[in-house]
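Input: a single structure, listed below in structure tokens.
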Amino acid sequence: MKTHQPLFLNEEQVREHLRMNELIPAMEKALVDFSAGRVIQPVRSIISVDVAPATGFLGLMPALTPDGLGLKAVTFYPSNAGRGIPTHMATVFLVDPQTGTPLAIMDGRLITEMRTAAVSAAATRLLASPDAKILAILGSGVQARSHIEALRLVRSFEEIRVWSPTFEHAKQFANEVGATAMSAEETVRDADVIVTVTSSKTPVLRGAWLKPGCHVNAVGACRPDWRELDDQAMSNVIFVDSREGAMKESGDVILSGTQIYAELGEALAGKVPTRADETTIFKSLGMAVEDIAAAMLVYRAATKL
């Protein structure tokens, strides 16, 4: 029996076939499937890399899901920002779950960028006030931009505020997206939805700044000794994508000693109350099930399945 060559897709080809308005519901389904036990997915395995002068890590993320089978290999090198190249790079490999035949090898950098924002949009749609008007973004990189695109699909914001560790970056980014650059505290005060998308290893968001009843998407700090949120912020209602992943990888969860309330997929499925009238934190680490679901959207569109 002859097998076909796998499909190869570069970033621009992935971009042609991936739409945020289709990706958000796909992420909701992926999260529900994961929390319902319909996904086989080990916690991401990490190899730390220290090759002077750069440090980074390689993560391997396999999953068998109701949508498909595959894995993502992702690298994260914070120092790349100074080199003018992406800090995150990735490749997604899809195989036929019935035969193991390779189906596709595609660039995963854009998939990572877009699916992360789409998951935050799913959390925001479920947990943020329906009349949320002020969006605060801490960070000014590719995730900041992608989050603005995704969150605008689920809430009608009248004001967007931006802070970045480098104020010039914040000002430039704010000009590009129609936002206002401010200090971190000014950005967050009275905001209805807050997004932290930084590479900081120490807290940039303080719980004292948070408006009661606001919603926070905490996206950075993906290692067990890194923080973006202080203990007071983490004392609110905590949602995670994966309990197992958060307890192994999230410094915000581990070091604060907070109690995880629920996985987002449990709340999306209606298995737990959303507690959306309280201050909610969604700690997003990213999961292979999200990458496989996003890659399958691309694959089906590219092959017209």
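10 is the number of the first residue of the sequence shown in the numbering used here; add one for each residue after it. Glycine included, C-beta positions come from ideal geometry on N, C-alpha and C. Just so we're clear, the structure is a prediction, and the values are computed from it rather than from any experiment.
Open item on the list: Using DSSP's beta-bridge definition, name the partner residues of Arg-170.
Closed with: Ala-145 and Thr-189
Open item on the list: Out of Val-104, Ser-138, Asp-140 and Thr-96, which one is the CA nearest neighbour of Thr-121?
Closed with: Thr-96
TODO: Apply the 10 Å Cβ neighbour rule to Arg-309 and answer buried if 16 or more other Cβ atoms are within range, or exposed otherwise.
DONE: exposed
TODO: Using 10 angstroms around the beta-carbon of Gln-107, count the other beta-carbons present and answer buried if the total reaches 16, otherwise exposed.
DONE: exposed
Open item on the list: I need the DSSP call for Asp-261, collapsed to helix, strand or coil.
Closed with: helix
Open item on the list: Here's the rule I'm using: 16 or more other beta-carbon atoms within 10 Å means buried, otherwise exposed. How should Leu-152 be labelled?
Closed with: Rather than Leu, the amino acid found at residue 152 in this sequence is Gln. By the neighbour-count rule (16 or more Cβ atoms within 10 Å), Gln-152 is buried.
Task: Cα-Cα separation between Ala-141 and Gln-241, rounded to whole angstroms - done: 22 Å
Task: Simplified DSSP assignment, three categories, for Ser-54 - done: strand
Task: For Leu-69, the nearest candidate out of Asp-59, Gly-77, Ile-263 and Lys-81 (CA to CA) - done: Lys-81
TODO: Out of Ile-114, Leu-16, Asp-286 and Leu-40, point me to the one whose CA is closest to Gly-222's CA.
DONE: Asp-286
TODO: Work out the CA separation of Leu-67 and Thr-100 for me, nearest whole Å.
DONE: 11 Å
Task: Beta-carbon proximity check, Ile-146 vs Val-60, cutoff 8 Å - done: no
TODO: Please go through the same chain and pick out, in chain order, the residues whose beta-carbon is closer than 6 Å to the beta-carbon of Leu-73, but skip the five residues on each side of it.
DONE: Ile-49
Open item on the list: Tell me which residue opens and which closes the beta strand (DSSP E) that Gly-79 is part of.
Closed with: 78-85
Task: C-alpha distance - Leu-18 paired with Gly-117, whole-angstrom precision - done: 10 Å
TODO: Whole angstroms is fine: what's the gap from His-195's alpha carbon to Ala-131's?
DONE: The amino acid at residue 195 is misidentified as His; the sequence shows Glu. Cα-Cα distance, rounded: 26 Å.
Task: Nearest-angstrom Cα separation, counted from Asp-239 out to Met-10 - done: In this prediction, Met-10 has a pLDDT of 47, which is less than 50 and means its spatial position is unreliable; what the coordinates show is noted afterwards. Between Met-10 and Asp-239, the C-alpha separation is close to 58 Å.
TODO: Return the Cβ separation of Phe-246 and Ser-293 in integer angstroms, given the expectation that the two are a contact with Cβ distance under 8 Å.
DONE: It should be pointed out that residue 246 corresponds to Val in this sequence rather than to Phe. That belief does not hold up - the Cβ atoms of Val-246 and Ser-293 are roughly 15 Å apart, past 8 Å.
- [ ] Under 8 Å Cβ to Cβ from Met-123, same chain only, skipping five residues before and after it: list those, please.
- [x] Leu-27, Met-29, Leu-32, Ser-155, Ala-159 and Ala-303
Task: Residue burial classification, Met-305 (beta-carbon count within 10 angstroms, cutoff 16) - done: buried
Task: Span of the alpha helix (DSSP H) around Thr-312 - done: 297-312
- [ ] Would you kindly check if the distance between the Cβ of Arg-164 and the Cβ of Met-191 is under 8 Å?
- [x] no
Task: Glu-299 to Ala-126 span [Cα, whole Å] - done: 11 Å
TODO: Following the continuous alpha helix (DSSP H) through Asn-226, name the residue where it begins and the one where it ends.
DONE: Not the alpha helix (DSSP H): Asn-226 falls in the beta strand (DSSP E), residues 224-227.
TODO: Would you please verify whether the beta carbon of Ser-173 is less than 8 Å from any beta carbon of chain D?
DONE: Absent here is chain D; the protein component of the structure consists of one chain.
Task: Residue burial classification, Ala-217 (beta-carbon count within 10 angstroms, cutoff 16) - done: exposed
Task: Distance, Ile-301 Cα to Leu-214 Cα - done: 31 Å
Open item on the list: With distance defined between alpha-carbon atoms, name the residue in His-178, Ser-173 and Ser-209 nearest to Val-197.
Closed with: Ser-173
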